[in-house]
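Here the sequence shown is numbered in my numbering, starting from 4 and rising by one per residue. Taking it in order: structure first as structure tokens, then the write-up.
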Amino acid sequence: MTDPNLVARLVSVLVALAVSTGTTHAAAPPNVVVIFIDDLGYGDIGPFGATKQQTPNLDRMAAEGMKLTSFYAAPVCSVSRAQLLTGCYGVRVGVPGVYFPAGPKGLNPAEVTIAERLKSLGYATACVGKWHLGDQPEFLPTRQGFDRYYGIPYSNDMQRVSVATGQRVVPLLRDETVAELLTDEMQTAIVEKSTAEAVRFIEEAKDGPFFLYMPHTAVHAPIVPGKRFQGKTQNGKFGDWVAEVDWSVGEVLDAIRRLKLADNTLVIFTSDNGPWVGVVGDATTAGPLRGSKGSTWEGGVRVPTIAWWPGRIKPGTTCDAVAGTIDLLPTCVKLAGGTVPSEPVIDGRDMSGLLLGSSPESPRYAHFYFLGEGLQAVRKGRWKLAIASQASGMGIKNALAPEPASLDQPRLYDLDADIGETTNVAASHPEVVADLKALAAAMQQDLGNPQSPTRRPPGIVANPQTIYPTVLQSPKQSKEPKGTGSARE
Numbered sequence: 004m005t006d007p008n009l010v011a012r013l014v015s016v017l018v019a020l021a022v023s024t025g026t027t028h029a030a031a032p033p034n035v036v037v038i039f040i041d042d043l044g045y046g047d048i049g050p051f052g053a054t055k056q057q058t059p060n061l062d063r064m065a066a067e068g069m070k071l072t073s074f075y076a077a078p079v080c081s082v083s084r085a086q087l088l089t090g091c092y093g094v095r096v097g098v099p100g101v102y103f104p105a106g107p108k109g110l111n112p113a114e115v116t117i118a119e120r121l122k123s124l125g126y127a128t129a130c131v132g133k134w135h136l137g138d139q140p141e142f143l144p145t146r147q148g149f150d151r152y153y154g155i156p157y158s159n160d161m162q163r164v165s166v167a168t169g170q171r172v173v174p175l176l177r178d179e180t181v182a183e184l185l186t187d188e189m190q191t192a193i194v195e196k197s198t199a200e201a202v203r204f205i206e207e208a209k210d211g212p213f214f215l216y217m218p219h220t221a222v223h224a225p226i227v228p229g230k231r232f233q234g235k236t237q238n239g240k241f242g243d244w245v246a247e248v249d250w251s252v253g254e255v256l257d258a259i260r261r262l263k264l265a266d267n268t269l270v271i272f273t274s275d276n277g278p279w280v281g282v283v284g285d286a287t288t289a290g291p292l293r294g295s296k297g298s299t300w301e302g303g304v305r306v307p308t309i310a311w312w313p314g315r316i317k318p319g320t321t322c323d324a325v326a327g328t329i330d331l332l333p334t335c336v337k338l339a340g341g342t343v344p345s346e347p348v349i350d351g352r353d354m355s356g357l358l359l360g361s362s363p364e365s366p367r368y369a370h371f372y373f374l375g376e377g378l379q380a381v382r383k384g385r386w387k388l389a390i391a392s393q394a395s396g397m398g399i400k401n402a403l404a405p406e407p408a409s410l411d412q413p414r415l416y417d418l419d420a421d422i423g424e425t426t427n428v429a430a431s432h433p434e435v436v437a438d439l440k441a442l443a444a445a446m447q448q449d450l451g452n453p454q455s456p457t458r459r460p461p462g463i464v465a466n467p468q469t470i471y472p473t474v475l476q477s478p479k480q481s482k483e484p485k486g487t488g489s490a491r492e
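Take a look at the structure:
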């Protein structure tokens, strides 16, 4: 017979060994990488149906991870970035439109970003790429929780004439210092440089945990693929730049694999809004979705998204539950072992259950579609209710007139049966219309009122200046439109 005392002693020894080797310790907080592409349409990559250009690295990422097919950003750039970083709809944090160089406004330094929340939990943080939340020193990434920054601080078409060179350029910053002034031709190296910077950060921070936010300049116009990718696809410069983005994703994932970090690193790949059809044309596409960048039709705001975390996210899966960029902050903080306080209010919810397969349901009761400060639609489950006229997108020639709608006479779409939003079924589902109208009315009460206590102000500086000496341009010379810039990027 087995001696019970001997068994007990063996168990004690095994427990002691487990404790000494750390096998009973809680899992280390995961590294987090967010790859945020600019103006990439729902149908522009292989996992979401692209055929004009090949994306083998993204194909592999999706095969090893999860596609999120109802993942939402915002209609335009600055808003989308504010939402990702704060977990809030843009109007809640005072960022309803688009910022231009030397503007007085930016993301308020009082906002607590995902980088700041993760930094407080011991994370090293870096932002590599396009910032676009204000270019004044008070608004830069290094003032918003990032240990380092490398990139163009706004859109790559916001060139100004440099006093030093006489050329139209955009600045490339390292932290808060202008490292280079880039012409359009020089921008062809931006993806390669950004990728090298991102890989370097991963290598240096490999002992973790780390948070890498990589908001690419690509594929925003002007379309400037790297020289070794030019002519690589059958879809012109746009397809070539998508191919380079795919290469960049491969480099980042390969670095994570090479450093044996894959089993403890969550990578999210997504886009800031829909495709800029009005500028790029039919080289870019929203796939089966209606609308494009600048619109609250699905094509303007539903973006191709992949989540990758080997061993934690089930490979080859698809999730159609409603989620979005506003959910990344609470999700990452939860996974890192932290908590998000109830104040100030955020709109996002922890979606780790969706990613890890413990819950098939969206943690948010509804998703709200804003354009500027105006609420235009609301989605709950399969149903989307439009309560305002919706344009097709920015800069589209010969676009159809927006279809009228109001809170009193809304349009209802069944997105499960009609992903292209072709048929208004409001008359057939009065109970659904009533439910969604009530949600929309409550949100308008909350964020539609400029005096609402849950709306927070933007950051504002006096006497803003360009971050490199520029030639003063007349209104006719400048590409910047009059007004606030909320209508274009």
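Glycine included, every Cβ here is placed at the ideal spot set by N, Cα and C.
Check: Cβ of glycine 46 within 8 Å of Cβ of glycine 290?
Finding: If you number the sequence shown from 1, residue 46 lands on position 43. If you number the sequence shown from 1, residue 290 lands on position 287. In this structure, glycine 290 lies closer than 8 Å to glycine 46 by Cβ.
Margin query: Extract the residue ranges of the alpha helix (DSSP H) inside the stretch 402–488, only unbroken runs of 4 or more that lie entirely within it.
Written below: You should have 433–450.
Check: From what residue to what residue does the alpha helix (DSSP H) around alanine 246 run?
Finding: In the sequence shown, residue 246 corresponds to position 243, counting from 1. Here the alpha helix (DSSP H) through alanine 246 covers 239–261.
Notebook entry, point to check: tyrosine 2 and arginine 177: beta carbons closer than 8 Å?
Noted result: In the structure as shown, the chain starts at 4 and stops at 492, and residue 2 therefore has no counterpart that could be examined.
Check: Just the Cα atoms here: how many angstroms apart are serine 298 and threonine 89?
Finding: Translated into the one-based positions of the sequence shown, residue 298 becomes position 295. Translated into the one-based positions of the sequence shown, residue 89 becomes position 86. One C-alpha to the other measures close to 22 Å.
Notebook entry, point to check: Are the stretch 243–254 and the stretch 52–71 touching, with three or more C-beta to C-beta distances below 8 Å?
Noted result: The stretch 243–254 makes contact with the stretch 52–71, as at least three CB pairs between them are under 8 Å.
Note to self: Based on DSSP bridge pairs, tell me the residues matched to cysteine 335.
What the structure shows: Taking the first residue of the sequence shown as 1, we reach residue 335 at position 332. DSSP lists no partner for cysteine 335.
Check: Does the stretch 101–120 come close enough to the stretch 362–381 to have 3 or more Cβ pairs within less than 8 Å?
Finding: The answer is no - the stretch 362–381 does not touch the stretch 101–120, with fewer than three Cβ pairs under 8 Å.
Margin query: Nearest by alpha-carbon distance to cysteine 335: which of Pro318, Leu269, Ala31, Phe51 is it?
Written below: If you number the sequence shown from 1, residue 335 lands on position 332. Looking at the Cα atoms, Leu269 is the closest of the given residues.
Margin query: In this structure, how does DSSP classify valine 16 when only helix, strand and coil are distinguished?
Written below: Mapped onto the sequence shown, residue 16 falls at position 13. Confidence at valine 16 is low in this model, with a pLDDT of 39, below 50, so the placement of that residue is unreliable and no value is reported for it.
Checklist line | Where glutamate 492 sits in the DSSP three-state scheme | finding: If you number the sequence shown from 1, residue 492 lands on position 489. Only weak support exists for where glutamate 492 lies, its pLDDT of 43 falling under 50; the value from the coordinates is given anyway. DSSP places glutamate 492 in coil when its eight states are reduced to three.
Check: Which of the three DSSP states, helix, strand or coil, is assigned to phenylalanine 214?
Finding: Here the question's residue 214 lines up with position 211 in the sequence shown. Of the three classes helix, strand and coil, the one that applies to phenylalanine 214 here is strand, per DSSP.
Notebook entry, point to check: Assuming glutamate 179 contacts proline 140 under a Cβ cut-off of 8 Å, what Cβ separation, rounded to an integer in Å, is found between them?
Noted result: Mapped onto the sequence shown, residue 179 falls at position 176. Mapped onto the sequence shown, residue 140 falls at position 137. The pair is a contact, with the Cβ atoms about 6 Å apart (cut-off 8 Å).
Check: How many Å lie between proline 472 and isoleucine 463 at the Cα?
Finding: Along the sequence shown, one-based indexing puts residue 472 at 469. Along the sequence shown, one-based indexing puts residue 463 at 460. Proline 472 and isoleucine 463 have their C-alpha atoms some 21 Å from each other.
Check: Relative to the C-alpha of serine 274, which residue among Arg84, Pro318, Tyr126, Ala167 is closest?
Finding: Here residue 274 refers to the residue found at position 271 when the sequence shown is read from its first residue. Minimum Cα distance to serine 274 is reached at Arg84.
Note to self: So, for leucine 124: in the same chain, excluding its five sequence neighbours on each side, which residues have a beta-carbon less than 8 Å away from its beta-carbon?
What the structure shows: Here the question's residue 124 lines up with position 121 in the sequence shown. Answer for leucine 124: Pro32, Pro212, Val336, Ala339, Gly340, Gly341, listed in chain order.
Next item on the list: May I ask which residues mark the beginning and end of the alpha helix (DSSP H) holding arginine 63?
Entry: Here residue 63 refers to the residue found at position 60 when the sequence shown is read from its first residue. Unbroken alpha helix (DSSP H) run through arginine 63: 59–67.
Notebook entry, point to check: Can you find at least 3 beta carbon pairs, one from the stretch 390–399 and one from the stretch 316–325, that sit closer than 8 Å?
Noted result: Contact between the stretch 390–399 and the stretch 316–325 is absent, with fewer than three C-beta pairs closer than 8 Å.
Checklist line | Opening and closing residue of the beta strand (DSSP E) in which valine 202 lies | finding: Working through the sequence shown from its first residue, we reach residue 202 at position 199. For valine 202, there is no enclosing beta strand (DSSP E); the residue is found in the alpha helix (DSSP H) stretching over 193–207.
Next item on the list: Compare the beta carbon distance of phenylalanine 232 and alanine 286 with 8 Å and say whether it is the shorter of the two.
Entry: Here residue 232 refers to the residue found at position 229 of the sequence shown. Here residue 286 refers to the residue found at position 283 of the sequence shown. No, the Cβ-Cβ distance between phenylalanine 232 and alanine 286 is not below 8 Å.
Item checked: Check whether cysteine 91 and aspartate 449 have beta carbons under 8 Å apart -> Position 88 of the sequence shown holds residue 91. Position 446 of the sequence shown holds residue 449. Contact flag unset, no.
Margin query: Let me make sure I understand the geometry here. Which of Tyr126, Gly137, Leu87 has the alpha-carbon closest to that of leucine 110?
Written below: The residue labelled residue 110 in the question sits at position 107 within the sequence shown. The shortest C-alpha separation from leucine 110 is found at Gly137.
Notebook entry, point to check: Nearest-angstrom Cα distance between phenylalanine 272 and aspartate 417?
Noted result: Counted from its first residue, the sequence shown places residue 272 at position 269. Counted from its first residue, the sequence shown places residue 417 at position 414. Between phenylalanine 272 and aspartate 417, the C-alpha separation is close to 27 Å.
Notebook entry, point to check: Per DSSP, lysine 387 forms a beta bridge with which residues?
Noted result: Residue 387 sits at position 384 when you count from the first residue of the sequence shown. Partner(s): Arg382, Tyr416.
Check: Under a Cβ-count criterion, where at least 16 other Cβ atoms within 10 Å of its own Cβ denotes burial, should valine 474 be classed as buried or exposed?
Finding: Sequence index remark: in the sequence shown, residue 474 carries index 471 (1-based). A residue is called buried when at least 16 other Cβ atoms come within 10 angstroms of its Cβ; valine 474 does not meet this threshold and is exposed.
Next item on the list: Would you tell me roughly how many angstroms separate the C-alpha atoms of tryptophan 244 and isoleucine 259, rounded to the nearest one?
Entry: By 1-based counting over the sequence shown, the position of residue 244 is 241. By 1-based counting over the sequence shown, the position of residue 259 is 256. When the Cα atoms are used, tryptophan 244 and isoleucine 259 turn out to be separated by approximately 23 Å.
Next item on the list: Please report the residue range of the alpha helix (DSSP H) in which arginine 84 lies.
Entry: Here residue 84 refers to the residue found at position 81 of the sequence shown. Per DSSP, arginine 84 is one residue of the alpha helix (DSSP H) stretching across 80–89.
Next item on the list: Would you be able to state if there are at least three C-beta pairs under 8 Å between the stretch 435–445 and the stretch 383–390?
Entry: A contact exists between the stretch 383–390 and the stretch 435–445.
Notebook entry, point to check: Would you say glycine 100 and phenylalanine 373 are within 8 Å of each other, going by their C-beta atoms?
Noted result: As a position in the sequence shown, residue 100 is number 97, starting the count at 1. As a position in the sequence shown, residue 373 is number 370, starting the count at 1. Between glycine 100 and phenylalanine 373, the gap from beta carbon to beta carbon reaches 8 Å or more.
Check: For proline 218, which option in Pro461, Ile193, Asn452, Gly97 has the closest C-alpha, if you only look at C-alpha atoms?
Finding: Along the sequence shown, one-based indexing puts residue 218 at 215. Closest by alpha carbon: Ile193.
Next item on the list: State the Cα-Cα distance for the pair serine 581 and aspartate 411, rounded to the nearest angstrom.
Entry: Past the edges of the chain, shown from 4 to 492, lies residue 581, and the structure says nothing about it.
Checklist line | Option in Gly44, Gln190, Ala402 with minimal Cα separation from lysine 55 | finding: Residue 55 sits at position 52 when you count from the first residue of the sequence shown. Selected option, being the one with the closest Cα: Gly44.
Next item on the list: Assign asparagine 401 to buried or exposed, taking buried as 16 or more other Cβ atoms, counted over all protein chains shown, within 10 Å of its Cβ.
Entry: Taking the first residue of the sequence shown as position 1, residue 401 is located at position 398. By the 10 Å Cβ count, asparagine 401 comes out exposed.
Note to self: Taking only three categories from DSSP, how would you classify glutamate 114?
What the structure shows: In the sequence shown, counting from the first residue as 1, residue 114 sits at position 111. DSSP places glutamate 114 in coil when its eight states are reduced to three.
Next item on the list: Just tell me which of Asp42, Gly52, Met64 has its CA closest to the CA of alanine 77.
Entry: For the purposes of this step, residue 77 is taken as residue 74 along the sequence shown, with counting starting at 1. Closest option to alanine 77, Cα to Cα, is Asp42.
Item checked: Distance between proline 347 and valine 173 (C-alpha atoms, nearest Å) -> If you number the sequence shown from 1, residue 173 lands on position 170. If you number the sequence shown from 1, residue 347 lands on position 344. Using only the alpha carbons, I get a separation of about 35 Å.
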